[in-house]
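Participant: Start counting the sequence shown at 4; every next residue gets the next number (this note's numbering).
Glycine included, each C-beta is placed from N, C-alpha and C at the ideal position.
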Amino acid sequence: MSTDLGAYVAAAAVAAVAVITLVARLAPSARSSEPVPETAKFSEPEAGVRYLQCDELRCGHMTYPHRPRPGGTWVCANCGTVKGGTS
Ligand SMILES: [Zn+2]
Numbered sequence: 004m005s006t007d008l009g010a011y012v013a014a015a016a017v018a019a020v021a022v023i024t025l026v027a028r029l030a031p032s033a034r035s036s037e038p039v040p041e042t043a044k045f046s047e048p049e050a051g052v053r054y055l056q057c058d059e060l061r062c063g064h065m066t067y068p069h070r071p072r073p074g075g076t077w078v079c080a081n082c083g084t085v086k087g088g089t090s
């Protein structure tokens, strides 16, 4: 008899989680009414710019725009380090 009760409790718990998930999905997001901050708006990238990982300490391996230079190299827009064209 106790195994039947355990199965019932388990099924009820699964159903409760499903209901909570559904309610959370249907609830309006608190962020939707907030205005989009200026930094989050899309801006057109510069022509010819590639977004490459910069390995300098100042950039901390983050991806920054790199502008093309003659000879197939790229210069980091954040720290000015020149990278090879293949890396
Ligand atoms: Zn850099």
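1. I need the residues with a C-beta less than 7 Å from some heavy atom of ligand 1; please give them in chain order.
2. Can you tell which of LEU60, GLN56 and PRO73 has the C-alpha that lies nearest to the C-alpha of THR66?
3. DSSP state of VAL39, grouped into three classes?
4. Excluding the five sequence neighbours on either side, which residues of its own chain have a C-beta within less than 8 Å of the C-beta of ALA10, listed in chain order?
Facilitator: Let's see:
1. Counting only beta-carbon distances shorter than 7 Å to the non-hydrogen atoms of ligand 1, the qualifying residues in chain order are CYS57, GLU59, ARG61, CYS62, TYR67, CYS79, ASN81, CYS82 and THR84.
2. When each option's Cα is compared against that of THR66, the closest is GLN56.
3. Under the three-state reduction of DSSP, VAL39 is assigned to coil, being neither helix nor strand.
4. Counting only Cβ-Cβ distances below 8 Å, and skipping sequence neighbours, we find nothing.
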